[in-house]
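*Asks:*
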Amino acid sequence: NRILFEEDEHPDHVVVIKYVPYVADSKRAMDEYTSEIFMGGKNTIVMHNTCEDSLLATPLIYDLVILGELCQRVQIKKDGENDWESFHPVLSLLSYMLKAPLVPNGAPVVNALFT
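When the letters of the sequence shown are read in order and numbered with my numbering, they come out as residues 396 to 510.
1) Give, in chain order, every unbroken run of the beta strand (DSSP E) that is at least 3 residues long and sits entirely within the stretch 434-497.
2) Are residue 420 and residue 447 touching if we call contact CB-CB under 8 Å?
3) Give me whichever residues DSSP pairs with residue 413 in a beta bridge.
4) Kindly give me the distance between the Cβ atoms of residue 455 and residue 492, rounded to whole angstroms, as I take these residues to be in contact under 8 Å.
5) Comparing alpha-carbon positions, which option in 465, 410 and 444 lies nearest residue 488?
Have a look at this one:
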């Protein structure tokens, strides 16, 4: 992702998502945050979070619908042209909120803050 990172620069973390059929819609997250403290010591905070996946997605679905409807109303006109144009039917703007977006070929899309 050359928009967020320089050449040979990479994020300093890893995200792992595994599907576990037994827990169904109940998702568990374990996060560790480590920092340096006094005299070279290290401090690690570990959090365990359990929540319903579909309830977490509901606000995102609302945002996608509202933003999609708004973008359907917007028309743009390039300098020197007479005709107004609508956005492309596949809105690259919405891809930022999705894991695997469908976008027009060659669209410069950023769909994550890490590579």
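We put the beta carbon where it would ideally sit given N, CA and C, even for glycine. Bear in mind that the values here come from a model prediction, so they are computed numbers and not experimental data.
*Replies:* Reading off the structure:
1) 437-447
2) Cβ atoms of residue 420 and residue 447: closer than 8 Å.
3) The partner list for residue 413 (beta bridge, DSSP) is empty, contrary to what the question assumes.
4) That belief holds up - the Cβ atoms of residue 455 and residue 492 are roughly 6 Å apart, short of 8 Å.
5) Comparing alpha-carbon positions, the option among 465, 410 and 444 lying closest to residue 488 turns out to be 465.
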